[in-house]
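**Student:** Got a structure for you, questions after.
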Amino acid sequence: MFLFIFCILNFVVLIVAFRKINSLTTGICTYVATQYPELWQHFLMRGRLMGDEKKWAKHLAIASMTEGELFNKNDAKITAYLATGKSYHTRFILSPMILFVILRIISDFA
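Heads up: the sequence shown begins at 471 in the numbering used here, then just goes up one per residue.
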């Protein structure tokens, strides 16, 4: 029973975390497309060469924020995205472990 509850709750937590990360990424890519249209067109062109222009453009933009042209822009919104992204990724990794510990404590008292 404990394992079943753990799996269900873990599944829900992972779906919520995935959706938050996805919406955060979509939001920052929209920001890049409006604030840096020449770079966004470059990402789209490279994405088209890779097969799927929108999918790869997002990946290229995110990679550029950590080690490319967008990293050198010193944009406050991009810096905030990177900090928030790290926070979400940390929660995404730690949530199953925390959930396991909480359920284990509850099961010991039940």
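Idealized CB from N, CA, C, for every residue including glycine.
#1: Which term fits A550, buried or exposed, when burial requires 16 or more other beta carbons within 10 angstroms of its beta carbon?
#2: Between I568 and G555, what straight-line distance do the alpha-carbon atoms span, to the nearest angstrom?
#3: Taking just the CA atoms, how far does D578 sit from K528?
#4: Under 8 Å between the Cβ atoms of V483 and S565?
#5: Where does E537 sit, in a helix, a strand or coil, going by DSSP?
#6: The alpha helix (DSSP H) that contains Y453, what's its start and end?
#7: Measuring alpha carbon to alpha carbon, tell me which residue in V502, L473, N480 is nearest A531.
#8: Measuring straight from C-alpha to C-alpha, what distance separates C477 and A553?
**Tutor:** Taking the geometry as given:
#1: In the sequence shown, residue 550 corresponds to position 80, counting from 1. So A550 counts as exposed.
#2: As a first step, residue 568 must be located in the sequence shown, where it is residue number 98. As a first step, residue 555 must be located in the sequence shown, where it is residue number 85. Looking at the two C-alpha atoms, the distance is approximately 19 Å.
#3: As a position in the sequence shown, residue 528 is number 58, starting the count at 1. As a position in the sequence shown, residue 578 is number 108, starting the count at 1. Distance between the alpha carbons of K528 and D578: 46 Å.
#4: Taking the first residue of the sequence shown as position 1, residue 483 is located at position 13. Taking the first residue of the sequence shown as position 1, residue 565 is located at position 95. Yes, they are a contact pair.
#5: Numbered from its first residue, the sequence shown carries residue 537 at position 67. Here E537 sits in helix by DSSP.
#6: For residue 453 there is no data in the structure shown, the boundaries of the chain being 471 and 580.
#7: For the purposes of this step, residue 531 is taken as the residue at position 61 of the sequence shown. With distances taken between Cα atoms, A531 lies closest to V502.
#8: Start at 1 with the first residue of the sequence shown, and residue 477 comes out as number 7. Start at 1 with the first residue of the sequence shown, and residue 553 comes out as number 83. Those two C-alpha atoms are separated by around 29 Å.
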